[in-house]
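J.:
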Amino acid sequence: MLQVLDLFGVFVFAISGAAVAARKQLDLFGALVLATVTALGGGTLRDVLLDRHPLGWFGDATPLLAVLAAVLLSVLWCRWRPLPRHALAVADAIGLGVFCVVGTRIALEAGQSGVIAVILGVMSGACGGLIRDVLCAEVPMVLRQDVYATAAAAGCTLLLAMDRLAVAPGIGLLAGGGLIVVLRLGAIFCDWHLPRFVLRGEDD
Amino acid sequence: MLQVLDLFGVFVFAISGAAVAARKQLDLFGALVLATVTALGGGTLRDVLLDRHPLGWFGDATPLLAVLAAVLLSVLWCRWRPLPRHALAVADAIGLGVFCVVGTRIALEAGQSGVIAVILGVMSGACGGLIRDVLCAEVPMVLRQDVYATAAAAGCTLLLAMDRLAVAPGIGLLAGGGLIVVLRLGAIFCDWHLPRFVLRGEDD
Amino acid sequence: MLQVLDLFGVFVFAISGAAVAARKQLDLFGALVLATVTALGGGTLRDVLLDRHPLGWFGDATPLLAVLAAVLLSVLWCRWRPLPRHALAVADAIGLGVFCVVGTRIALEAGQSGVIAVILGVMSGACGGLIRDVLCAEVPMVLRQDVYATAAAAGCTLLLAMDRLAVAPGIGLLAGGGLIVVLRLGAIFCDWHLPRFVLRGEDD
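First to last, the sequence lines map onto chains A, B and C. The opening residue of the first sequence carries number 1054 in the working numbering; numbering runs sequentially from there. The opening residue of the second sequence carries number 1054 in the working numbering; numbering runs sequentially from there. The opening residue of the third sequence carries number 1054 in the working numbering; numbering runs sequentially from there.
(1) Which chain C residues sit within Cβ distance under 7 Å of proline 1193/B?
(2) Check each candidate in Asp1199/B, Val1168/B, Leu1196/B and name the one with the smallest Cα separation from threonine 1210/B.
(3) With a threshold of 16 other CB atoms inside 10 Å of the CB of tryptophan 1259/B, please say whether the residue is buried or exposed.
(4) Between glutamate 1191/B and alanine 1221/C, what straight-line distance do the alpha-carbon atoms span, to the nearest angstrom?
(5) Closer than 9 Å, Cβ to Cβ, to anything on chain A: give me those residues from the stretch 1084-1106 of chain C, in chain order.
(6) Using only the alpha-carbon positions, how far apart do aspartate 1199/C and aspartate 1080/A sit?
(7) Please state whether the Cβ-Cβ distance between threonine 1091/A and serine 1069/A is less than 8 Å.
(8) Using a Cβ-Cβ cutoff of less than 6 Å, which residues in the same chain neighbour alanine 1278/A once the five nearest sequence positions on both sides are dropped?
(9) By alpha-carbon positions, which one of Val1101/B, Leu1117/B, Gly1225/B ends up nearest to glycine 1062/B?
(10) Just how far apart, CA to CA, sit glycine 1223/A and arginine 1099/A?
(11) From what residue to what residue does the alpha helix (DSSP H) around proline 1116/C run?
(12) At a CB-CB cut-off below 7 Å, which residues of chain B make contact with leucine 1114/C?
(13) In chain D, what lies closer than 7 Å to leucine 1118/A by C-beta?
(14) By Cβ distance below 6 Å, which residues in the same chain neighbour aspartate 1257/A in space, the five residues on each side in sequence not counted?
(15) Pick helix, strand or coil for leucine 1218/C, following the three-state DSSP scheme.
(16) For a test of the three-state rule: what should DSSP assign to leucine 1055/A, helix, strand or coil?
(17) Within the chosen definition, does the stretch 1105-1115 of chain B reach the stretch 1102-1113 of chain C through at least 3 CB pairs nearer than 8 Å?
(18) Taking only beta-carbon positions, decide if phenylalanine 1259/A is within less than 8 Å of chain C.
(19) Is there a Cβ from chain A that is less than 8 Å from the Cβ of alanine 1202/C?
(20) Can you give me the C-alpha to C-alpha distance between leucine 1103/C and valine 1155/C, rounded to a whole angstrom?
(21) Our contact map puts glycine 1208/B next to glycine 1229/B with C-beta atoms below 8 Å; I'd like the distance itself, whole angstroms only.
(22) Residues of the stretch 1222-1245 of chain A in Cβ contact with chain C at a cutoff of 7 Å, in chain order, please.
(23) Report yes or no: is there a C-beta of chain B within less than 8 Å of the C-beta of leucine 1108/A?
(24) In whole angstroms, what is the alpha-carbon distance linking alanine 1202/A and isoleucine 1159/B?
(25) Apart from the five residues on each side of it in sequence, which residues of its chain come closer than 6 Å, Cβ to Cβ, to phenylalanine 1152/C?
(26) Would you say glutamine 1056/C lies against chain A (beta-carbon separation less than 8 Å)?
(27) What do you get for phenylalanine 1242/A, buried or exposed, if any count of 16 or more other CB atoms within 10 angstroms of its CB means buried?
(28) Work out the CA separation of isoleucine 1184/A and glycine 1148/B for me, nearest whole Å.
(29) State yes or no: is the beta carbon of leucine 1315/A nearer than 8 Å to at least one beta carbon in chain B?
(30) Excluding the 5 residues preceding and the 5 following lysine 1077/A in the sequence, name in chain order all residues of the same chain whose CB lies nearer than 6 Å to its CB.
(31) Can you give the Cα-Cα distance for alanine 1074/C and valine 1235/A, rounded to whole angstroms?
(32) From glycine 1174/B to alanine 1067/B, what distance separates their C-alpha atoms?
(33) What distance in whole Å lies between the Cβ atoms of aspartate 1216/C and leucine 1161/C, which are believed to be in contact at a cut-off of 8 Å?
(34) I'd like to check one pair, leucine 1213/B with valine 1187/B: are the Cβ atoms closer than 8 Å?
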């Protein structure tokens, strides 16, 4: 189940990469590069930090094929009609939900403490999109949008709590991931906001 | 002593991250994310390059608590009054001094040669702030300001020289780190500059 | 031969870093930092992903000396006259060609599959320049220019095909690397383009 979810996350994050490429007027190969780093970046960083070698996509070509399929699908769709409004944000939300809980689960199974598992989960989910935005010279979504890191942390914490309460892992994955997706979609479509604790700038 | 210094460096770098977040009008969670990557980024990169696993902050929650404390303190301060002028630059200078010498020391103790120890020290000190600036879509301080990489390299080299002369490690740490902080503060407040070797651009 | 080629790649990539530093009006130390990350970034990322420790430049100071030599040479040249037109793009093209085939070869010798070897080759070649451009807050060349990732992938694939056909490794390295350099120089001087599969933006 972890593998199926992970593959699904790779697929939707690759779509978000292709959508950014479309917005930035990149060509097919640029879209492929951007989709690949978006889809594999977060998990690769998590595995390097955890010293989990060899990396998942080294021994198994399926994630790479999922990226390829997502890009081709995006390109074919774009030939036919424009990408739907919010395609980028929705794909990013689903990918975030999936990768956050998968990352938390993997860190727990690697014997990490709860706090670290949540941090590595948020990192797995957020870093692919972060690299995508940095490469396009934009301030990353995770810093710009308020219900983002908060949503990711909430979902990972829910998964952790259900793990501690000995709920079946599958249910924890669905509940935690679902919470993240719902919070993100609420932020996108219903304009949910956190009370802002704006920091005042320097006195100069 | 290495651990106490390291924790202090984490704390002040987290403050510099929060100060950038204030300048960029990020909210509390954005500030927390930015402070965390600033405070832990340089040391994590150093440990990954040295293959030192597990990473320091995996087994010990103190660095994460130091980041949290630094962000909360910055937020409380900002509720009361604006951040002092140069808060960002001074916090960055102190963090740079601390992380540079700690990184050099760790690389020496890992059996690396002197040149590599100096490079890894500069990297530990400079990369946290570099990631912070890249995430905010700015050219990093280490490239923009001239007495920065130079100051870092000078302090690391001083530590190395004192190590080779068999001075007690604690004295080397204080002398090297102190030199970096003094050079950076001089650059900030007294407008110290290096003679510039400006490279002329392309002939087009 | 792999080591000589690698050193040559380090040298030309360091020149490309110094050329960007000249364009951005950085000083000598900024140029040194930028040249170092450009020259060593791609290979370091490849080795971290492959878990090849210790890193090549840890035990051997030659790559660092090559970077130093490249920066000093660029600075001396700039004192005398402006950098030639296209110096940056040509240095980048040669560095790309060298690092792509060296990276593919190393991945093959580490026992990776053909697809992974090509991806790691492209990554070794493209990531140094990518980090250079991100640090200067620009969209990386690999995303902006169309005959770039394509050229890199073509050369790595040629090397792979010749390896599978049991051609001597040295010939594969030269043929693959040569193909990349020729394609890039064609793109720079003869304005070669790929048919563009432009993705249409979101409908909003």
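Virtual Cβ for every residue (Gly too), placed ideally from N, Cα, C.
T.: Taking the structure as given:
(1) Leu1188
(2) Val1168/B
(3) Lying outside 1054 to 1257, the shown extent of chain B, residue 1259/B is not represented and no answer is given.
(4) 47 Å
(5) Val1101, Leu1102, Leu1103, Asp1104
(6) 7 Å
(7) yes
(8) As displayed, chain A neither begins before 1054 nor continues past 1257, which places residue 1278/A out of reach and without an answer.
(9) Leu1117/B
(10) 21 Å
(11) 1115-1133
(12) The sequence shown places alanine at residue 1114/C, not leucine. Ordered by position in chain B, the residues that pass the 7 Å Cβ test against alanine 1114/C are Val1168.
(13) Of the chains in the structure shown, none is chain D; the protein chains are A, B and C.
(14) Because aspartate 1257/A carries a pLDDT of 43, less than 50, the predicted location of this residue cannot be relied on, and no value is offered for it.
(15) coil
(16) helix
(17) no
(18) Only positions 1054 to 1257 of chain A appear in the structure, and residue 1259/A is not among them; the question remains open.
(19) yes
(20) 14 Å
(21) 4 Å
(22) none
(23) no
(24) 32 Å
(25) Gly1062, Gly1095, Ser1177, Gly1178
(26) no
(27) exposed
(28) 25 Å
(29) Given that chain A is displayed from residue 1054 to residue 1257, the structure contains no residue 1315/A and the question cannot be resolved.
(30) Cys1189
(31) 45 Å
(32) 19 Å
(33) 6 Å
(34) no
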